[in-house]
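In the numbering used here, the protein residues as written are 156 to 304.
Backbone N, C-alpha and C define an ideal beta-carbon position, used for all residues, glycine too.
Keep in mind it's a predicted model, so treat the numbers as computed, not measured.
Written out below as structure tokens is the structure these notes cover.
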């Protein structure tokens with residue numbers, strides 16, 4: 156296997172175990188570098204294993220049915236892997252204030268479904284960074300934080 160194949164296998168596990176229908180936070184200790192950067196357009200950047208675990212714990216409390224899945228095959232080149240995805244969930248949990256555009260009150264019952272593309276950088280079998288560009292406007296509209304034009 157090539158380094159690209161190895162990296163795609165690692166990212167595939169990350170997407171399934173961290174972002175999938177059920178989250179195994181142990182995957183963070185296994186696959187994330189100690190100072191990993193997690194950055195998406197809707198959220199404050201997160202750095203380090205503990206911060207990333209806290210992010211996902213709060214996200215899944217607010218959106219208990221949160222789930223993301225691949226929308227295309229992973230593409231790899233050297234230390235980088237790119238994935239396209241779609242996903243979402245229903246806000247049935249506590250208030251959620253992680254969105255840069257505003258906060259949700261508790262249990263709105265609103266659903267969001269959106270898409271994005273993520274670039275991950277790996278080194279020595281660990282994820283150094285995950286930087287994604289998502290259709291945050293769609294998610295924020297569906298959640299009632301911004302109005303459609």
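- Membership of residue 250 in any alpha helix (DSSP H) is not indicated, and neither H nor E is assigned to it by DSSP.
- Looking at the DSSP output, residue 172 sits in no beta bridge, so it has no partner there.
- Here residue 304 is exposed: its Cβ has fewer than 16 other Cβ atoms, across all protein chains shown, within 10 Å.
- Distance between residue 246 and residue 174, taken at the CA atoms: about 16 Å.
- Of the candidates 213, 234 and 255, the residue whose Cα lies closest to the Cα of residue 261 is 213.
- In the DSSP assignment, residue 222 forms a beta bridge with 243.
- Cβ-Cβ separation between residue 270 and residue 226: approximately 7 Å, consistent with a contact (criterion under 8 Å).
- Sixteen is the threshold: when 16 or more other Cβ atoms of the shown chains lie within 10 Å of the Cβ of residue 298, as they do, the residue is buried.
- Between residue 193 and residue 256 the beta-carbon gap is near 18 Å, outside 8 Å, which marks them as no contact.
- By the neighbour-count criterion, in which 16 or more other beta carbons inside 10 Å mark a residue as buried, residue 233 falls on the exposed side.
- In the displayed model, residue 301 falls within coil according to three-state DSSP, outside both helix and strand.
- Distances from the CA of residue 180 to each of 248, 207 and 188 were compared; the closest alpha carbon is that of 207.
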